[in-house]
Structure formats: structure tokens, C-alpha cells
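Per the working numbering, the sequence shown runs over residues 14 to 124. Even for Gly, the Cβ is constructed at its ideal location relative to N, Cα and C. Report on the following structure.
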Amino acid sequence: MRLQAGYYVATGISPLVSRRAFEAVTGRKQDWWLVQMVGLLAATNGIAIWIGSTKSQPSRETVALAQLSAVSFGVIDVVYALRRRISPVYLLDALFEAAVFLAIYRSCHPE
């Protein structure tokens, strides 16, 4: 979960650091305020996941936040990339989100 947390913080603040660099990777954005809001929410989730993952056994709430965040980002990435509303680069993020979800699931459900 700490990898996910760091990723969310880094990608969340990236549009606030450099719009030009962010749009060079993800494509031009119309509603810049929305990009900034989603970025801040991603960074906030990352911080919360990081704090929750410092315990030897993360709480159910931390696990739920981590998994549901991965599902939320992944679904939006796939749906809108396939509709060509966002850059295909978001499909790489969807793969990361799927891997995160599965890793957390496996760590919480050892067989």
C-alpha cells in the first residue's frame, strides 16, 4: 500500500507543480480546476493510505480506501480511454491500479 500511497501523492501533486509537464504526458485539459481538484484528492488519499499502512495490520478502513481508490481510478481510466476522451496513457495507470488492487487483495486473503 505504501507504493500506491507514494504514487497517488506524486501523481496528485504533479499537475500543481507543472501544468506543462502534466499535459505533455496526459494530453491537454479543458477544465484545469477539475484536474487540480482530482489531483489534490488523489494526494489526500495517498497520505491517508500511507498513514494507515504504517500499522503492522492496516485497518479495514485503510484497506477499503486503498482498494476502492484503485478501482475508481482504474474504471475511469479504462472507460474514458476507450471512448477516446482521455489519452491512451491512462491505460497504463489502469494496469497499475489493477495490480495494486490484486496485491492488496492477496495480502489480505492469504490462501
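Give me the Cα-Cα distance between residue i and residue j, rounded to the nearest whole angstrom.
i    : j    : result
V113 : A83  : 7 Å
N58  : F109 : 16 Å
T39  : L53  : 17 Å
E74  : V48  : 26 Å
Which first and last residues belong to the alpha helix (DSSP H) in which residue i is found?
i   : result
I99 : Neither: I99 is in no alpha helix (DSSP H) and is coded neither H nor E.
S72 : That residue, S72, is in no alpha helix (DSSP H); it is neither H nor E in DSSP.
G19 : 15 to 30
Give the DSSP-derived three-state secondary structure of residue i in the structure shown.
i   : result
T57 : helix
T67 : coil
Which whole-angstrom value is the C-beta distance of residue i and residue j, which I expect to be below 8 Å?
i   : j    : result
S66 : A111 : Their Cβ separation, rounded to whole angstroms, is 19 Å, which puts S66 and A111 out of contact at 8 Å.
A61 : T24  : Actually they do not touch by this definition, with Cβ atoms about 15 Å apart.
V91 : A77  : So it is not a contact: roughly 21 Å between Cβ atoms.
Just checking, does the region 90 to 101 make contact with the region 116 to 124 on the three C-beta pairs under 8 Å criterion?
-> no
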